[in-house]
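Q:
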Amino acid sequence: MPFYEIEFDYTGSAPTTSQTYNFCIDELGFEAENVRRVGPIRVEIDGSSKDYILEIINDQLPQTRSNTEYLSAS
Numbered sequence: 001m002p003f004y005e006i007e008f009d010y011t012g013s014a015p016t017t018s019q020t021y022n023f024c025i026d027e028l029g030f031e032a033e034n035v036r037r038v039g040p041i042r043v044e045i046d047g048s049s050k051d052y053i054l055e056i057i058n059d060q061l062p063q064t065r066s067n068t069e070y071l072s073a074s
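For the sequence shown, my numbering assigns the number 1 to the initial residue and increments by one for each residue that follows.
1) Between V38 and E31, how many whole angstroms is the CB-CB distance? I'm expecting something under 8 Å.
2) Could you tell me how far apart the beta carbons of S13 and S66 are, in whole angstroms, since I believe they sit closer than 8 Å?
3) Just the C-alpha distance for N22 and P15, rounded to the nearest angstrom, thanks.
4) Would you mind sorting T64 into buried or exposed? The rule is 16 or more other CB atoms within 10 Å of its CB.
5) Bridge partners of G12, per DSSP?
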């Protein structure tokens with residue numbers, strides 16, 4: 001399946017690239033091999049469609065990790 005770039009809106013402390021990557025794995029439940037680091041608020045996630053990935057993520061937000069509250073994904 002293809003990888004889709006996902007960007008997070010957040011409030012609070014600016015996340016690091018590793019923090020957002022780990023958030024996707026630890027909090028959102030994605031497998032490590034299906035997530036790629038892109039930047040502090042961006043990752044690429046492997047899936048059937050971007051809309052489906054966004055639905056999975058946004059159903060679980062907002063969530064807080066290390067003084068960063070992830071509000072939504074696009």
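We put the beta carbon where it would ideally sit given N, CA and C, even for glycine.
A: Looking at the atomic coordinates:
1) Residue numbering aside, residue 38 sits at position 38 when the sequence shown is read from its first letter. Residue numbering aside, residue 31 sits at position 31 when the sequence shown is read from its first letter. That pair is no contact at about 17 Å.
2) Within the sequence shown, numbered from 1, the residue matching residue 13 stands at position 13. Within the sequence shown, numbered from 1, the residue matching residue 66 stands at position 66. Confirmed, Cβ separation roughly 7 Å.
3) The residue given as residue 22 occupies position 22 in the sequence shown. The residue given as residue 15 occupies position 15 in the sequence shown. Going from the Cα of N22 to the Cα of P15 covers about 11 Å.
4) On the sequence shown, position 64 is the one that residue 64 refers to. T64 should be labelled exposed.
5) Taking the first residue of the sequence shown as position 1, residue 12 is located at position 12. Answer by DSSP bridge pairing, in chain order: T68.
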